[in-house]
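Q:
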Amino acid sequence: MIISFSQLIDVFDEYEFAVDNSESYENASFSGIELFVGQPIEPDILYVKGSGDLSETPKRNFLIAGKMDTGSPADMHLLGTSAIEVVNLVLRYYAHWTNCLETMREDYYERHDLSELCQTLSEYVGNPVVIYDAALLPAAQSEIDRELAINLFGSERANRDFVLDTIPDWKQEGSESVFLREGSRRISDATQRLITAACNIISNDEYQGYIEIFEVGKHISDADMLMLEHAAKIISAAPSTLGEMGFIQGYLNGRVMQEGITSTWLSTLRWNANDPLYVLATYLPDKSEEAKLYLEHIARMLHLIMPNAVCQLIDGMPVVVANNRLEPIHSALVDVVSFLKKQDKGAYLGASDLLRGIEQLNIGYEHALYAARFGCESRQGILTRFEDCWFAFFKNVCNLQENESAVLDSAVKRMHEADLIAGTENTLTVKAYLECGLSLNKAAERLSIHRNTIVYRLGRVRDCYGIDLTFSGDDSGQLFQTLLSCKLLLGDT
1 MIISFSQLID VFDEYEFAVD NSESYENASF SGIELFVGQP IEPDILYVKG
51 SGDLSETPKR NFLIAGKMDT GSPADMHLLG TSAIEVVNLV LRYYAHWTNC
101 LETMREDYYE RHDLSELCQT LSEYVGNPVV IYDAALLPAA QSEIDRELAI
151 NLFGSERANR DFVLDTIPDW KQEGSESVFL REGSRRISDA TQRLITAACN
201 IISNDEYQGY IEIFEVGKHI SDADMLMLEH AAKIISAAPS TLGEMGFIQG
251 YLNGRVMQEG ITSTWLSTLR WNANDPLYVL ATYLPDKSEE AKLYLEHIAR
301 MLHLIMPNAV CQLIDGMPVV VANNRLEPIH SALVDVVSFL KKQDKGAYLG
351 ASDLLRGIEQ LNIGYEHALY AARFGCESRQ GILTRFEDCW FAFFKNVCNL
401 QENESAVLDS AVKRMHEADL IAGTENTLTV KAYLECGLSL NKAAERLSIH
451 RNTIVYRLGR VRDCYGIDLT FSGDDSGQLF QTLLSCKLLL GDT
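Residue numbers (full-length UniProt numbering): 1 to 493.
#1: At which residues does the alpha helix (DSSP H) containing G364 begin and terminate?
#2: Under the rule that 16 or more other beta-carbon atoms within 10 Å means buried, what is F374, buried or exposed?
#3: Which of the three DSSP states, helix, strand or coil, is assigned to N396?
#4: Specify the secondary structure class of C486 as computed by DSSP and reduced to three states.
#5: Between which two residues does the alpha helix (DSSP H) containing residue 494 stretch?
#6: I'd like to know if the region 316-324 and the region 374-386 are in contact, where contact means that at least 3 CB-CB pairs between them fall below 8 Å.
#7: Can you give me the C-alpha to C-alpha distance between T120 and H303, rounded to a whole angstrom?
#8: By Cβ distance, which residues of its chain are closer than 6 Å to T384, with the 5 residues on each side in sequence left out?
#9: Return the chain-ordered list of same chain residues with a C-beta closer than 7 Å to the C-beta of D492, the five sequence neighbours on each side being excluded.
#10: What are the boundary residues of the beta strand (DSSP E) that includes Y456?
#11: According to the neighbour-count rule (16 or more other Cβ atoms, all chains shown, within 10 Å of its Cβ), is D463 buried or exposed?
#12: Could you check the C-alpha separation between I213 and Y124 for me, to the nearest Å?
#13: Could you give the C-beta distance for A232 and I211, rounded to a whole number, given that I count them as a contact under 8 Å?
#14: Helix, strand or coil for G316, going by three-state DSSP, please let me know.
#15: Could you round the C-beta distance between A406 and Y465 to whole angstroms and report it? I think they count as a contact, below 8 Å.
#16: Figure out for me which residue from F393, F394 and K487 has the closest Cα to the Cα of K413.
#17: Can you tell me whether DSSP reads L469 as helix, strand or coil?
#18: Select from K287, R356, H416 and H219 the residue whose C-alpha is nearest the C-alpha of V461.
#19: Helix, strand or coil: how does DSSP classify N323 here?
#20: Start and end of the alpha helix (DSSP H) containing L440?
#21: Measure the Cβ-Cβ separation of F339 and I363 and say whether it is below 8 Å.
#22: Residues in its own chain within less than 6 Å of Q481 by CB, not counting five upstream and five downstream?
#23: In three-state DSSP terms, what is I201?
#24: Sort out for me which residues DSSP pairs S184 with in a bridge.
#25: Could you check if N99 is buried or exposed, using at least 16 other CB atoms within 10 Å of its CB as the buried criterion?
#26: Could you please give the first and the last residue of the uninterrupted beta strand (DSSP E) stretch that includes R414?
#27: Going by the DSSP bridge assignment, what does T282 pair with across the sheet?
#28: Whole angstroms are fine: how far does the CA of G477 sit from the CA of R457?
#29: Taking Cβ positions, are L490 and L428 nearer each other than 8 Å?
#30: Does the Cβ-Cβ distance between F386 and S331 come in under 8 Å?
#31: Confirm, please, whether the CB-CB distance from M225 to S184 is below 8 Å.
#32: Classify A223: buried if its beta carbon has 16 or more other beta carbons within 10 angstroms, exposed otherwise.
#33: Using only the heavy atoms of the ligand ZN, determine whether one of them is closer than 7 Å to the beta carbon of A392.
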């Protein structure tokens, strides 16, 4: 049984050990627990050795070394507990440890399932786990904080400009290798609060990506850090599958373009020609450093909430692109809104309509971001769909405040004037009918009237004002002008 010395913090969590700090003794300190590290004094005793390993012995006994009052280094005694209790605790811990390692190996080498490896590690450490490949990192963290980058990569040269300017060949700058740091690393924010721990994935002296634990459920212990390193070693033994399996929520081969959304997203999303896509954008009016860290936290959690989607920070705001076949929009919105409500940090979520085709992807991003900002300004709630604010977007883009006369349909204008005089609701009825997709039942439900009333009013509109709402396929532009005229005259926002 081989357990590194720093893992003992988990094993001895329920025990209090202390030794005299003497220069003649080799001591190791972890979270306030100090243990003497010496040499075995009996061949069949399980003992903490100077190397930091535990040697397996036939009797499986355990001895903690301490300093006797005589001051002789040869005087050893047990401190505060029985040997068998400690042994049993170590053995239970060791079984749990080895089981996690074996399961991760099976997940990755036999089942070729990177997401299951992450899940296994996540269950062991009690915190969320995410893996990024080298190509995704700059897009996932398009605003990399300098201090966090230095903590993660161990070099001042690993800053935002360097990372973004060297995609995809960002192995080193000059003679200094900046992404080849080995071993796990704790990362703290400006308040020195631990927020995450990461370990680079390195194979054949090439940086492949990194694996990260987020401190959400519990503190990240020394043993968790070691397990994180083991997971990185498992992946680095076969790094080619890192990009192939794509749990990394987006294996980006090309440079970021068109405000951060790339065509290679579609391969990650397993998008087929008939699959609708949608975009979610999160907006937070607060621009403080704390808010920035919170937005980064949202981006990380969205990876876990929507594992089949792509999430990255664009201009500091978390943006998600999802395939509706794999991540249905209705359930995704419920989950994301529930998460944001629990956080209660004042973030707003905007959702685009369902899109078809890559040419609409950046349009969807623009719509989702506008919806999120509109929700913030109007204070209508955490979630705003673009379909609920498209008219405000259209008025802003087309500057309808100044160009209203060019849009208004004269027949609709006469109808509205007649409504004001007679107290009728023909304009409201036409608007509801068009917004409900020319559905009599939906329009009647929205207005809380009988569908026959809708039929009667539409007939009056046709006979009195010449407004025919029968859709033939060639007059969609006319119907849209009619809808715009109704909304402008009724003062819709």
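No residue lacks a Cβ here, since even glycine has one placed at the ideal position from N, Cα and C.
A: So, from the listed chains and residues:
#1: Locating residue 364 in the sequence shown gives position 364, counting from the first residue. Looking at the DSSP string, the run of the alpha helix (DSSP H) that includes G364 is L361 to S378.
#2: One-based indexing of the sequence shown puts residue 374 at position 374. Buried, because 16 or more other Cβ atoms sit within 10 Å of the Cβ of F374.
#3: As a working mapping, residue 396 is identified with position 396 in the sequence shown. In the structure shown, N396 sits in a helix (DSSP, three-state: H, G or I).
#4: As a position in the sequence shown, residue 486 is number 486, starting the count at 1. Reduced to three states, the DSSP call for C486 is helix.
#5: Outside the displayed span of the chain (1 to 493) sits residue 494, for which this structure offers no information.
#6: no
#7: Counted from its first residue, the sequence shown places residue 120 at position 120. Counted from its first residue, the sequence shown places residue 303 at position 303. One C-alpha to the other measures close to 16 Å.
#8: What you label residue 384 is simply residue 384 of the sequence shown in a count that begins at 1. The residues are G350, A371, F374 and G375.
#9: For this step, residue 492 is matched to residue 492 along the sequence shown. Result list for D492: F391, in chain order.
#10: Taking the sequence shown and counting its residues from 1, the one referred to as residue 456 is at position 456. Element bounds for Y456: not the beta strand (DSSP E) but the alpha helix (DSSP H), R451 to Y465.
#11: Position 463 of the sequence shown, counting from 1, holds the residue named residue 463. By the neighbour-count rule (16 or more Cβ atoms within 10 Å), D463 is not buried but exposed.
#12: What you label residue 213 is simply residue 213 of the sequence shown in a count that begins at 1. What you label residue 124 is simply residue 124 of the sequence shown in a count that begins at 1. Answer to the nearest angstrom: the Cα atoms are 11 Å apart.
#13: Numbered from its first residue, the sequence shown carries residue 232 at position 232. Numbered from its first residue, the sequence shown carries residue 211 at position 211. 5 Å between Cβ atoms; contact.
#14: On the sequence shown, position 316 is the one that residue 316 refers to. If DSSP states are grouped into helix, strand and coil, G316 belongs with coil.
#15: What you label residue 406 is simply residue 406 of the sequence shown in a count that begins at 1. What you label residue 465 is simply residue 465 of the sequence shown in a count that begins at 1. Not a contact, Cβ separation roughly 20 Å.
#16: In the sequence shown, residue 413 corresponds to position 413, counting from 1. Checking every option, the nearest Cα to that of K413 belongs to K487.
#17: As a working mapping, residue 469 is identified with position 469 in the sequence shown. Residue state, collapsed to three classes: coil.
#18: Against the sequence shown, residue 461 aligns to sequence position 461. Out of K287, R356, H416 and H219, H416 has the C-alpha closest to the C-alpha of V461.
#19: By one-based count along the sequence shown, residue 323 stands at place 323. Residue state, collapsed to three classes: strand.
#20: Taking the sequence shown and counting its residues from 1, the one referred to as residue 440 is at position 440. Where L440 is concerned, the enclosing alpha helix (DSSP H) stretches over L440 to L447.
#21: Counting from 1 along the sequence shown, the entry for residue 339 is found at position 339. Counting from 1 along the sequence shown, the entry for residue 363 is found at position 363. Taking 8 Å as the Cβ cut-off, F339 and I363 do not qualify as a contacting pair.
#22: The count along the sequence shown starts at 1 and reaches residue 481 at position 481. Correct list, in chain order: D409.
#23: Residue 201 sits at position 201 when you count from the first residue of the sequence shown. Looking at I201 - three-state DSSP - the assignment turns out to be strand.
#24: Residue numbering aside, residue 184 sits at position 184 when the sequence shown is read from its first letter. According to DSSP, which records beta bridges pairwise, S184 is partnered with C199.
#25: If you number the sequence shown from 1, residue 99 lands on position 99. It is exposed - the Cβ of N99 has fewer than 16 other Cβ atoms within 10 Å.
#26: Here residue 414 corresponds to residue number 414 of the sequence shown, with the count starting at 1. Note, R414: premise wrong, no beta strand (DSSP E); alpha helix (DSSP H) at S410 to A422.
#27: Start at 1 with the first residue of the sequence shown, and residue 282 comes out as number 282. Answer is L349, bridged to T282.
#28: Here residue 457 is taken as the residue at index 457 of the sequence shown, counted from 1. Here residue 477 is taken as the residue at index 477 of the sequence shown, counted from 1. Straight-line Cα distance between these residues: approximately 22 Å.
#29: Locating residue 490 in the sequence shown gives position 490, counting from the first residue. Locating residue 428 in the sequence shown gives position 428, counting from the first residue. Remark: C-beta atoms of L490 and L428 approach each other more closely than 8 Å.
#30: As a position in the sequence shown, residue 386 is number 386, starting the count at 1. As a position in the sequence shown, residue 331 is number 331, starting the count at 1. No; because the gap between Cβ atoms is not below 8 Å, this pair is not in contact.
#31: If you number the sequence shown from 1, residue 184 lands on position 184. If you number the sequence shown from 1, residue 225 lands on position 225. Cβ atoms of S184 and M225: closer than 8 Å.
#32: Reading the sequence shown from its first residue, position 223 is the one you call residue 223. That one is buried.
#33: The ligand ZN is not among the ligands present in this structure, which contains no ligands whatsoever.
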